[in-house]
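So the structure is just underneath, and the comments pick up after that.
Protein chains: 2
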Amino acid sequence: MTKRIDFQPDPSAYKHWKLSYEGPVAYLTMDVDEDGGLFDGYKLKLNSYDLGVDIELADIVQRMRFEHPEVKVVVMQSGKDRVFCAGANIRMLGGAAHSHKVNFCKFTNETRNTFEAAMADSGQQYIAAVKGSCAGGGYELALACNHIMLTDDSSSSVALPEVPLLAVLPGTGGLTRVTDKRKVRRDRADVFCAMEEGIRGKRAKEWRLVDEVIPNSKFDDTVKERAAEFAANSPKPDVAQGIALTPLNRTFGEDGSVTYSTVEVAIDRDARKVTLTLKGPEEDAPTDMDAFTAQGDQAYMLRLAREFDDAILHLRLNEMEAGLWEIQTQGDPEKFAQHEALLFANKDHWLAKEVLQYWKRVLKRVDVTSRSLVALVEHGSCYTGILAELLFAVDRSYMMEDEFEGDNRPIATVTLTEANFGPFPMANDLTRLETRFLGEPETVDKARESIGEALEAEEADELGLVTMILDDIDWEDEIRIFEEERASFSPDAMTGMEANLRFAGPETMETRIFGRLTAWQNWIFNRPNAVGAEGALQRYGTGIRGDYNMERV
Amino acid sequence: MTKRIDFQPDPSAYKHWKLSYEGPVAYLTMDVDEDGGLFDGYKLKLNSYDLGVDIELADIVQRMRFEHPEVKVVVMQSGKDRVFCAGANIRMLGGAAHSHKVNFCKFTNETRNTFEAAMADSGQQYIAAVKGSCAGGGYELALACNHIMLTDDSSSSVALPEVPLLAVLPGTGGLTRVTDKRKVRRDRADVFCAMEEGIRGKRAKEWRLVDEVIPNSKFDDTVKERAAEFAANSPKPDVAQGIALTPLNRTFGEDGSVTYSTVEVAIDRDARKVTLTLKGPEEDAPTDMDAFTAQGDQAYMLRLAREFDDAILHLRLNEMEAGLWEIQTQGDPEKFAQHEALLFANKDHWLAKEVLQYWKRVLKRVDVTSRSLVALVEHGSCYTGILAELLFAVDRSYMMEDEFEGDNRPIATVTLTEANFGPFPMANDLTRLETRFLGEPETVDKARESIGEALEAEEADELGLVTMILDDIDWEDEIRIFEEERASFSPDAMTGMEANLRFAGPETMETRIFGRLTAWQNWIFNRPNAVGAEGALQRYGTGIRGDYNMERV
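Residue numbers (the working numbering), protein chains in the order written: chain A, 1 to 553; chain B, 554 to 1106.
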């Protein structure tokens, strides 16, 4: 699996999904092309999915918000007879490297979360209209919707058969959503998750596994009714027209570099290091949201978010050995502040809101990226507002202090804006500054008083906004030592450490999925009982059960 | 490592700890016997520890509460020069089976939690008086104390060097306590955890890693002063005399059975099944707490807790293949209620309080036990109050409905008491019933209305207190099918599933340690970068660094 995985599918050539629109209701039909797998060696039977299917889905959910703001309800349904979705493709999982399995699960988890974010942030609600068998990752797709309708016939059921069938966990938030979102009683959850055949009809509703069970003959009509009803009661304001998300402007170099219009990716494969440079805006901010809307997806704040998001996904899946990401910014801090300010001044404007909420998702993507993240605040940088938020998302940061010989760029500064005090909560529902200063909450207030000031190194250090400030004499050596040290550590230990240090404070369904569920799944994905030659994943479909070491650990 | 591990050390023959008492202050000195390891093949140098050292420590913390209620402050210190504690013994870890490593970490975690519980529940406070190097598990011991004092000399420092040195995580809550208890800024935590040498002096205080840094010349005096001061301000009431915890009455059978005075353990190794029967009291409840105190550790409620606790620990470590535990009770429900009621009626009496709080810890031990747990509510059982709580701790429960042919025992009932509505919170800080009914909180109120009623099967089912009720016709088959099914599943998948289903709702430091940190550590404990022939644990001490696969997953 070494070909480059591309996260920018062409919407006119989706292989696995069909869309139709009826006013405020969109119908999203899963109709997976058996022969359209991302890799060779498996067929995507029974609406099972691989990463390619999910990349299209993520693209659809994203476009629904920008291109179809008129849509208030999205109905997910199946284009196959007697099966809603069979979940992740088992042969694909059986053949995939450990790292691919883990990254696949992370991306699908992020995509499921965008269903819930669409409702929470923009009032765009997902309904799962389940006909046929809905198992494993298929039920997890339904669980990510906010309303599950199940038809009452002999073949339609919901199930999480991973444990009995495959000796792994439901990997896309299934266990967590069953207990925490749907609040299924835990002993019933235990029974449900130990069943291959799943649960259908009335009992599925009684156990809180679905919201409605509807006689088959009335199912299609009831789904339409429910969609119309939800659309009528939707909190989402009417928006007549969206903007188009056109293909990204990007060039891949042979050396692994990627050049976007606002993002530059450089890779030093020997040093296992990526440098990700985000460029400040060259042009002035649009004067108002009409001007911004006219620019559409070329508006700087949206373009930067899309390009940065794509760069993150590309690096995660295609450059797995590059364990250290150095984030830099270069540009005019004040100009960046103007672009950002337009959005905050118009945060009730649908497009301003969508762009800000997209940034929320991009910043969360940074938080759960399993790489050592460091931000370098060099002279000439523009760590302002949203970009300053990166300083609090990374594992540590270094800032240049005073002038550096031969460096004529403007002196390094950090500027806080309202972006740093509320609109971009982490998965733990706190801001990154609140999380950072859990031990000294008064520091958050002190930081707030500095909003709008271009803080030089000593001030930023005083406020605890950066990890370390270094002058011309120490900078190069210190950074080099850090880079070498980090590159020499065991990547597994770094992954575990970062996952534990990044999310202090309260936990939420989201932190449980990425912190707890993921970790247990990773463990199981390494155990012979699942992935060994006689493990359940390898034996799936052979009719022979996995041969297990029965020791409980 | 197949010899039986015993969790009942003889206090007169502790190998690794020394105790002295000065009124309300106890001095607990760690002075590990190099040659006193639980297994062969390693020396416990530099105050490093293995499970045996921790078994003694757990025993001391427990006895401090029952035998020394006059103690208000416990000062932990080292009996060695220049080292406080070097943490878990690396050669032991390198040579141990995966399952032993995981169980070792779980037990040490539970023991660290008892430090904090001693303060929270009984006002018995632990101070770490750190002289010399305090690294890894050594610093985690200090982190479990509520006050850390560090001497300021050239050799004294605190450190979590696991990641750089061993390619594993600090496994005893270190990362979680650094971010969540001590609220260290996460970028500083990142720097701290990537350092082999640790941090000393003023910076350790500034970074919130310790509470006080004291010049070496004044250290011993200041520790004494601080202990006296804490003792004087302690919320703990004065108690002149404790009770003795005498050796447990138990017999081990050749077939794996264990017989205690109130607990019976039977093992069917072929079926990988344990039956744990808790017996109700034969004698009447003591008339008052004087009578209870006179009975001392022979009082039924304390005896049962101690025996059950020991049985859990014994089975966890010594019977790892027995993946299914069936819990039963047999006895007179009303008589049990009387014994329990005496404690609740006197919950301000020091000993009643300690016994109830001990039950809290025992029930939590059940919650985090990595076995499939099922409760059988048979005729003649006494699931009342604390014992009914077991029904909500297990993964599922089955209850006999109506009379069974040839079974003359009193009909099966469940009786709720105040025990089920507050005094025994889970690690998530909710009661087990609140957690069970997250989706329908009104059911908790309905259940409360039934306090004191002996609920037969149909009523218990109606209230959602049991998973399934079965009559004479179905009972045997259903239980057999369940047992066979459960015994056939992959134990790893069961462990992961149970860890995710058991703790719905809010998370706390404790759930993070057992849920998140443990899972990541387990994962890393399976990865070649840590445990492979060229991994860091194997290579430790050879002077050659681990050879890592650098892929980030």
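Heads up, the beta-carbon is just placed ideally off N, CA and C, and yes, glycines get one too.
Tell me, which residues are paired with L150/A by DSSP?
-> According to DSSP, L150/A bridges with V130/A and V213/A.
Per DSSP, what kind of secondary structure is L373/A in: helix, strand or coil?
-> Of the three classes helix, strand and coil, the one that applies to L373/A here is strand, per DSSP.
Mapping DSSP to helix, strand and coil, what is G52/A?
-> G52/A falls in the helix class under three-state DSSP.
What does V265/A pair with, by DSSP beta-bridge criteria?
-> V265/A is bridged to V258/A and L276/A.
In the DSSP assignment, what residue or residues form a beta bridge with K571/B?
-> Paired residue(s): T582/B.
Going along chain A, which residues have a C-beta under 8 Å from D901/B?
-> From the beta-carbon of D901/B, no residue of chain A is found nearer than 8 Å; the closest lies around 33 Å away.
Cβ pair N529/A, N549/A closer than 8 Å | It is a contact, given that the beta carbons lie within the stated cut-off.
Can you find at least 3 beta carbon pairs, one from the stretch 647-662 of chain B and one from the stretch 810-825 of chain B, that sit closer than 8 Å?
-> Output reads no: the stretch 810-825 of chain B does not touch the stretch 647-662 of chain B.
In the DSSP assignment, what residue or residues form a beta bridge with R1098/B?
-> R1098/B pairs with nothing; no bridge assigned.
Stretch pair the stretch 909-925 of chain B + the stretch 994-1014 of chain B: three plus CB contacts closer than 8 Å = Flag = no, the stretch 909-925 of chain B and the stretch 994-1014 of chain B do not touch.
Rounded distance between the beta-carbons of S157/A and E197/A, thought under 8 Å = Right, their Cβ atoms sit about 7 Å apart.
Pull up the distance between the alpha-carbon of N89/A and that of F7/A, whole angstroms please.
-> Whole-angstrom Cα-Cα distance: 19 Å.
In three-state DSSP terms, what is L363/A?
-> Under the three-state reduction of DSSP, L363/A is assigned to helix.
Out of K771/B, G754/B and D773/B, state which residue places its alpha-carbon closest to the alpha-carbon of D764/B.
-> Of the candidates K771/B, G754/B and D773/B, the one whose C-alpha sits nearest the C-alpha of D764/B is G754/B.
So, does the CB of E1104/B fall closer than 8 Å to a CB anywhere in chain A?
-> Judged by the 8 Å Cβ criterion, E1104/B is in contact with chain A.
Would you decide whether G406/A is buried or exposed? Buried here means 16 or more other CB atoms lie within 10 Å of its CB.
-> That one is exposed.
Mind checking if L762/B is an interface residue toward chain A, Cβ cutoff 8 Å exclusive?
-> Chain A contact via Cβ: absent.
If contact means a Cβ-Cβ distance below 9 Å, which residues of the stretch 196-224 of chain A contact chain B?
-> For the stretch 196-224 of chain A, the set of residues with a beta-carbon nearer than 9 Å to any beta-carbon of chain B comprises R208, in chain order.
Would you kindly work out how many angstroms separate the C-alpha atoms of K571/B and G422/A, rounded to a whole number?
-> So the two alpha carbons sit approximately 52 Å from each other.
Just to confirm, are A322/A and V374/A a CB contact at a threshold of 8 Å?
-> No, the Cβ-Cβ distance between A322/A and V374/A is not below 8 Å.
Looking at the unbroken alpha helix (DSSP H) that takes in L646/B, where does it start and where does it end?
-> Here the alpha helix (DSSP H) through L646/B covers I643 to G648.
Given D706/B, which residues of its chain have a CB within under 7 Å of its CB, disregarding the five upstream and five downstream residues?
-> N769.
Heavy atom of the ligand MG within 7 Å of T431/A beta-carbon = With respect to the ligand MG, the structure shown offers nothing to examine, as it has no ligands at all.
Tell me, please, whether the stretch 68-85 of chain A touches the stretch 166-176 of chain A by the rule of three or more beta-carbon pairs shorter than 8 Å.
-> No, because fewer than three Cβ pairs between the stretch 68-85 of chain A and the stretch 166-176 of chain A fall closer than 8 Å, the two stretches do not touch.
T495/A at chain B interface by Cβ criterion, 8 Å | Taking CB atoms only, T495/A has a neighbour in chain B less than 8 Å away.
Taking 8 Å as the CB-CB cut-off, is M554/B touching chain A?
-> Reliability fails at M554/B, whose pLDDT of 40 lies under 50, so the model's placement of it is uncertain and no value is given.
In angstroms with no decimal places, state the Cα-to-Cα distance between I613/B and R803/B.
-> For I613/B and R803/B, the distance between alpha carbons rounds to 21 Å.
Let me know the secondary structure DSSP gives S488/A once reduced to three states.
-> DSSP places S488/A in the helix class (H, G or I) of the three-state scheme.
Beta-carbon neighbours of F668/B, restricted to chain A and to distances below 9 Å = Within 9 Å Cβ-Cβ: nothing; F668/B doesn't reach chain A, min ~20 Å.
Would you say the stretch 457-467 of chain A touches the stretch 1037-1047 of chain B, given that touching needs at least three Cβ pairs under 8 Å?
-> No, they do not touch.
Mind checking which residues open and close the beta strand (DSSP E) that includes S84/A?
-> Per the sequence shown, the amino acid found at residue 84/A is Phe instead of Ser. Segment V83 to C85, the beta strand (DSSP E) holding F84/A.
Residue range of the alpha helix (DSSP H) that includes T846/B = That run of the alpha helix (DSSP H) goes M842 to Q848.
Does the beta-carbon distance from V921/B to K659/B come in below 8 Å?
-> Yes.
Rounded to a whole number of angstroms, what is the C-alpha to C-alpha distance between R739/B and D395/A?
-> Taking the straight line from one Cα to the other gives about 7 Å.
CB contact check: F845/B to chain A, cutoff 8 Å = The C-beta of F845/B comes no closer than 8 Å to any C-beta of chain A.
The beta strand (DSSP E) spanning T882/B covers which residue range?
-> Looking at the DSSP string, the run of the beta strand (DSSP E) that includes T882/B is L877 to Q883.
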